[in-house]
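So the protein lines, in turn, are chains A and B.
So in the working numbering, spot 379 of the first sequence is number 379, and the numbers just go up one at a time.
Every position in the second sequence, counted from 1, becomes a number in the working numbering once 463 is added.
First up is the structure itself, then whatever we jot down about it.
Number of protein chains: 2
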Amino acid sequence: MTLVSIADIFDRKVHLGEEIKVQGWVKSRRDYKGFSFIDMYDGSCLNFLQIIVRRELVQNYQTEILSITTGFSLEVTGVLSPSIGKDQKFELLSTDVKIIGKIKNPESYPISIKKHSVEYLREVAHLRPRTNIIGSVSRIRSDLIYFIHSFLRKEGYFLVSTPIITTVDTEKSSKMFFVSSIDLDELLAKGSEEIDFDKDFFGIKTFLTVSGQLNLEAYACSLRKVYSFGPTFRAEPSTTMKHLAEFWMLEVEASFLNLSELIEFSEKMLKYLFRKIADYRKQDLLFLSKKTGTNILKRLDQFIQSDVIQVEYYDVIKILNKKRFNVKSLEKDISSEQERYLTERYFKNSIVIKNHPKSIKPFYMKINKDQKTVASMDLLLPKLGEIVGGSQREENFSIIHQNMIEKGINVKNYEWYLDLRRYGTVPHSGFGLGFERLVSYITGMKNVRDVIPFPRTMRNARF
Amino acid sequence: MTLVSIADIFDRKVHLGEEIKVQGWVKSRRDYKGFSFIDMYDGSCLNFLQIIVRRELVQNYQTEILSITTGFSLEVTGVLSPSIGKDQKFELLSTDVKIIGKIKNPESYPISIKKHSVEYLREVAHLRPRTNIIGSVSRIRSDLIYFIHSFLRKEGYFLVSTPIITTVDTEKSSKMFFVSSIDLDELLAKGSEEIDFDKDFFGIKTFLTVSGQLNLEAYACSLRKVYSFGPTFRAEPSTTMKHLAEFWMLEVEASFLNLSELIEFSEKMLKYLFRKIADYRKQDLLFLSKKTGTNILKRLDQFIQSDVIQVEYYDVIKILNKKRFNVKSLEKDISSEQERYLTERYFKNSIVIKNHPKSIKPFYMKINKDQKTVASMDLLLPKLGEIVGGSQREENFSIIHQNMIEKGINVKNYEWYLDLRRYGTVPHSGFGLGFERLVSYITGMKNVRDVIPFPRTMRNARF
Numbered sequence: 001m002t003l004v005s006i007a008d009i010f011d012r013k014v015h016l017g018e019e020i021k022v023q024g025w026v027k028s029r030r031d032y033k034g035f036s037f038i039d040m041y042d043g044s045c046l047n048f049l050q051i052i053v054r055r056e057l058v059q060n061y062q063t064e065i066l067s068i069t070t071g072f073s074l075e076v077t078g079v080l081s082p083s084i085g086k087d088q089k090f091e092l093l094s095t096d097v098k099i100i101g102k103i104k105n106p107e108s109y110p111i112s113i114k115k116h117s118v119e120y121l122r123e124v125a126h127l128r129p130r131t132n133i134i135g136s137v138s139r140i141r142s143d144l145i146y147f148i149h150s151f152l153r154k155e156g157y158f159l160v161s162t163p164i165i166t167t168v169d170t171e172k173s174s175k176m177f178f179v180s181s182i183d184l185d186e187l188l189a190k191g192s193e194e195i196d197f198d199k200d201f202f203g204i205k206t207f208l209t210v211s212g213q214l215n216l217e218a219y220a221c222s223l224r225k226v227y228s229f230g231p232t233f234r235a236e237p238s239t240t241m242k243h244l245a246e247f248w249m250l251e252v253e254a255s256f257l258n259l260s261e262l263i264e265f266s267e268k269m270l271k272y273l274f275r276k277i278a279d280y281r282k283q284d285l286l287f288l289s290k291k292t293g294t295n296i297l298k299r300l301d302q303f304i305q306s307d308v309i310q311v312e313y314y315d316v317i318k319i320l321n322k323k324r325f326n327v328k329s330l331e332k333d334i335s336s337e338q339e340r341y342l343t344e345r346y347f348k349n350s351i352v353i354k355n356h357p358k359s360i361k362p363f364y365m366k367i368n369k370d371q372k373t374v375a376s377m378d379l380l381l382p383k384l385g386e387i388v389g390g391s392q393r394e395e396n397f398s399i400i401h402q403n404m405i406e407k408g409i410n411v412k413n414y415e416w417y418l419d420l421r422r423y424g425t426v427p428h429s430g431f432g433l434g435f436e437r438l439v440s441y442i443t444g445m446k447n448v449r450d451v452i453p454f455p456r457t458m459r460n461a462r463f
Numbered sequence: 464m465t466l467v468s469i470a471d472i473f474d475r476k477v478h479l480g481e482e483i484k485v486q487g488w489v490k491s492r493r494d495y496k497g498f499s500f501i502d503m504y505d506g507s508c509l510n511f512l513q514i515i516v517r518r519e520l521v522q523n524y525q526t527e528i529l530s531i532t533t534g535f536s537l538e539v540t541g542v543l544s545p546s547i548g549k550d551q552k553f554e555l556l557s558t559d560v561k562i563i564g565k566i567k568n569p570e571s572y573p574i575s576i577k578k579h580s581v582e583y584l585r586e587v588a589h590l591r592p593r594t595n596i597i598g599s600v601s602r603i604r605s606d607l608i609y610f611i612h613s614f615l616r617k618e619g620y621f622l623v624s625t626p627i628i629t630t631v632d633t634e635k636s637s638k639m640f641f642v643s644s645i646d647l648d649e650l651l652a653k654g655s656e657e658i659d660f661d662k663d664f665f666g667i668k669t670f671l672t673v674s675g676q677l678n679l680e681a682y683a684c685s686l687r688k689v690y691s692f693g694p695t696f697r698a699e700p701s702t703t704m705k706h707l708a709e710f711w712m713l714e715v716e717a718s719f720l721n722l723s724e725l726i727e728f729s730e731k732m733l734k735y736l737f738r739k740i741a742d743y744r745k746q747d748l749l750f751l752s753k754k755t756g757t758n759i760l761k762r763l764d765q766f767i768q769s770d771v772i773q774v775e776y777y778d779v780i781k782i783l784n785k786k787r788f789n790v791k792s793l794e795k796d797i798s799s800e801q802e803r804y805l806t807e808r809y810f811k812n813s814i815v816i817k818n819h820p821k822s823i824k825p826f827y828m829k830i831n832k833d834q835k836t837v838a839s840m841d842l843l844l845p846k847l848g849e850i851v852g853g854s855q856r857e858e859n860f861s862i863i864h865q866n867m868i869e870k871g872i873n874v875k876n877y878e879w880y881l882d883l884r885r886y887g888t889v890p891h892s893g894f895g896l897g898f899e900r901l902v903s904y905i906t907g908m909k910n911v912r913d914v915i916p917f918p919r920t921m922r923n924a925r926f
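Here it is in structure tokens:
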């Protein structure tokens, strides 16, 4: 008798007539004359396994089986049989049903069988993976992480673990969390007037990273193709559906790569990911399509089938100003509303906006020959907005040095970074991809809080 | 003419006689009458490619080629040719050598061709991946991360992104970093006497995680087999070769798994990883063996070929006390020195010590029937010590609740965690693996600071 997962059964790895054991949790129970149906899931896939429990075949029918409610954990032995019902292909004719874990007061179970709103489910983030919807999202998220690793590996990229604790502030405008081991209570009790960071753990004020890019550049200048993928932080008091204080970011960096190759590569990667996930998690995606009212497979296929349209930033401004928008190009990046107009109404396609004015972009972007723009790129998806943002990096020592001074950056803190331009500099490019936005696009879940297990947002670090 | 990597060439993906382009950095240059040899690397493998530059074949021989020093970046076009020298199988007969990035003062280049100590290289962590030794370590680290993901995926595990910012303190004894966005200077200037964390970003005091285990358990109780893999933190002022303030930890958690299955699984995983890396990075491992004086392939093979010996904690104490050690079993875990005695001298093998006294282990470990010990495991490797530590978890509500009270834990903060025992509880087990220790074991590098790109230790958060 073999222990199998429910995914094994639906992947036809188990033959009809085989005696098997399954372990999992109860979705629901229905009773008929002399027998019950139990729907059971084990997380391995969206499918539940229908278990038939016949009064005459198990010893504990009256005493235990009839007490089973949603959320009980069971270990069931039985024979896999063809189903008579039309919705099911298989069912398990049980010979032994062991109750592993009960629920004392089923009425108080927070994840009962009835429909729950995603907002409510966030309040029980520790239990919400027990629902079909968060179960599906979790499997897709895990697969996407794996596909990202395998795609980049196939392309010759090495993963570099960039640090979380940092003294570097790449995105000068972002608010950062600081990290310390100083005993604040003691400090305040003593009535100190300032903090002596020399006495702190690292001997200097440290922060949670907003980007590992600068560290990645160091490795790109020797391993050539590198990436990092993991948590990143912003202390922005934002409450939108697209922002988290702790989110996952994929950052890719490669030497000897220019802007147009970077754009091509980011498009290639997204197409690979969309294709793989559509192949591999079709069932979950179809379920989520129904739940979210988004035709996800169509959305993914449209991206795979079409080419991303590349537009110059200044042409974008012209397009926007021809319509009702009134954009001053040198002030700031275009708004979400304008992004959506461009992808959904004007181009009706995914677009890359490139070569932004240097005044609105960070110091490390390569300054174009016109001296006014930088070799930047933002890839926008319809209904979502920016998914990838990147640039060719300025590899010339004098130019980047000058640019840092103009942007008011304390050059002294970046001497190590400048070394990369001092010693055997190379043209190189990279991008960042907000992973939760990607998962949100692929699952149809509108709020990024529903695509990360335990979201961190303003006033919420629960669980 | 195709752009290829040096790994492509040595993997025989390029035919002799083919015209190719390579991009990379100079290891060294030697001049002969009318021609020069340039050794070039591009990070894709340990091999360098020998490039022949003949005075009559390139235009810039006198003006540029003869100025090339270690660290220059180049783009070289040429024909792949069989080598006459006996150390080399191939060489590139160049027809065009483009200098991409120079080094103005070669004497000041921190990574010159001469041998550098690992201690010195830590001071130039942004440039050290340019050395053979750190290059090899970086490739091995990246591969191991990938092999961990692919092994666990193959075994049906889902990756769960557990949060970095947390209010949970799993390892009660560990010192934690705290995270805040409060303006401390302002606070001190105002002369406040205490901090109102309600005004902080999360409305509560938050820390950097020391373990994602409790969050993982929540997902194990619905997806069944889960893991997390990423940065973890300890604010311990330790300066040993085995400790970092920020390190990577793999945490695995599975429902319906008991202690002995957990031990078996951890051994299976390590054997898989050792086999894969020995196959895949043999050249780097042989090089590192020479550099570190450790026969790495033999070390890995010994583990693969033998079975880990399982010993009861109390038997370990007897063994230790029979020899010169005098251990009081209920005080604390055994020391590193004792660990090494056991693996290297007594058992001459890797061992698992299991069923520790409950008094020295955390509240979540399953209490054995004897009421004195817990279902714990520590896997120790010779020369390294503990690599994996885990346990079956206490799944019984009343027992874990009582245990928390006995250990002085504020139960109120763990209500969500207790829910996992309230609703359909299941036996489950998990372990943690310190990733840098694993990389250190596999690379022969003695100090974990040399197996993570930018180490964070006391008084060091540079780069």
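We put the beta carbon where it would ideally sit given N, CA and C, even for glycine.
The structure presented is a predicted model; accordingly, all values stated were derived computationally and were not measured.
Restricting attention to B/Gly852, B/Leu844 and B/Asn595, the CA atom closest to the CA of B/Asp913 is found in B/Asn595. The beta carbon of B/Val467 sits closer than 8 angstroms to the beta carbons of Lys476, Val477, Ile483, Lys484 and Val485 from its chain, once the five residues preceding and following it are set aside; these are given in chain order. Of the residues assessed, B/Ala698 falls on the buried side of the cut-off, its CB having 16 or more other CB atoms within 10 angstroms. A/Phe229 places its beta carbon 9 angstroms or farther from that of A/His428. Beyond the five residues adjoining it in sequence on each side, A/Tyr61 comes within less than 6 angstroms, by CB distance, of Arg55 in the same chain, given in chain order.
About 6 angstroms separates the beta carbon of A/Cys221 from that of A/Val426, a gap short enough to meet the 8 angstroms contact definition.
Three or more Cβ pairs closer than 8 angstroms define a contact, and the region 125-143 of chain A meets that threshold against the region 280-288 of chain A. Shortest Cα-Cα distance from A/Leu216 to any of A/Lys323, A/Asp200, A/Glu186 and A/Phe158 involves A/Phe158. DSSP places A/Lys290 in no beta strand (DSSP E) but in the uninterrupted alpha helix (DSSP H) bounded by Lys282 to Thr292. With its beta carbon less than 9 angstroms from one in chain B, A/Leu159 belongs to the interface. Taking B/Lys754 as the centre and dropping the five residues before and after it, the same chain places the C-beta of Ile596 closer than 7 angstroms to its C-beta, in chain order.
Against chain B, the beta carbon of A/Gly434 has no neighbour under 7 angstroms; the closest one sits roughly 13 angstroms away. In the DSSP assignment, the residues bridged to A/Ser429 are A/Ala254 and A/Gln392.
Here the alpha carbon of B/Arg925 sits roughly 15 angstroms from the alpha carbon of A/Phe178. For A/Thr240, the closest Cβ of chain B is not nearer than 9 angstroms. With fewer than 16 other Cβ atoms from the protein chains shown falling within 10 Å of its own Cβ, A/Ser108 counts as exposed.
Those residues of the region 331-354 of chain A placed with their C-beta closer than 8 angstroms to a C-beta in chain B do not exist. Boundaries of the beta strand (DSSP E) around A/Val97: Phe90 to Gly101. Looking at the DSSP output, A/Val22 bridges to A/Val76. Taking C-beta atoms as the reference points, B/Trp711 and B/Glu899 count as a pair closer than 9 angstroms. Within 9 angstroms of the CB of B/Lys785, no CB atom of chain A is found; the nearest one sits about 41 angstroms away.
Measuring C-alpha to C-alpha distances from B/Met828 to each of B/Lys875, B/Gly893 and B/Lys496 identifies B/Gly893 as the nearest. Under the Cβ distance rule, A/Asn215 counts among the residues neighbouring chain B, one pair being separated by less than 9 angstroms. The DSSP assignment places 184-189 as complete runs of the alpha helix (DSSP H) inside the region 166-208 of chain A, in order along the chain (cut-off: 4 residues). Take the alpha-carbon of B/Pro573 and the one of B/Pro592: they are about 12 angstroms apart. As the crow flies, the alpha-carbon of B/Asp648 is around 28 angstroms from that of B/Ser637. Only residues of its own chain outside the window of five on either side were considered, and among them Glu680, Ala681 and Cys684 have a CB closer than 7 angstroms to the CB of B/Leu883, listed in chain order. Membership of B/Ser613 in the alpha helix (DSSP H) is indicated by the continuous run Asn595 to Lys617. The residue from B/Asp471, B/Lys786, B/Thr920 and B/Leu584 with its alpha-carbon nearest to that of B/Thr702 is B/Thr920. Sixteen is the threshold: since fewer than 16 other Cβ atoms of the shown chains lie within 10 Å of the Cβ of B/Ile868, the residue is exposed. Pairwise C-beta distances place the region 720-739 of chain B in contact with the region 830-845 of chain B, as three or more of them are shorter than 8 angstroms. Proximity of chain A to B/Val889 at the Cβ level (cut-off 7 angstroms) is accounted for by Ser73, Ile100 and Gly101, in chain order. Listed in chain order, the alpha helix (DSSP H) elements of length 4 or more contained wholly in the region 678-745 of chain B are 722-743.
Taking C-beta atoms as the reference points, A/Ile52 and A/Phe72 fail to come closer than 9 angstroms.
When C-beta distances to chain B are compared with 8 angstroms, every residue of the region 352-381 of chain A stays at or above that value. Taking 9 angstroms as the cut-off, the Cβ atoms of B/Gly564 and A/Leu223 do not count as close.
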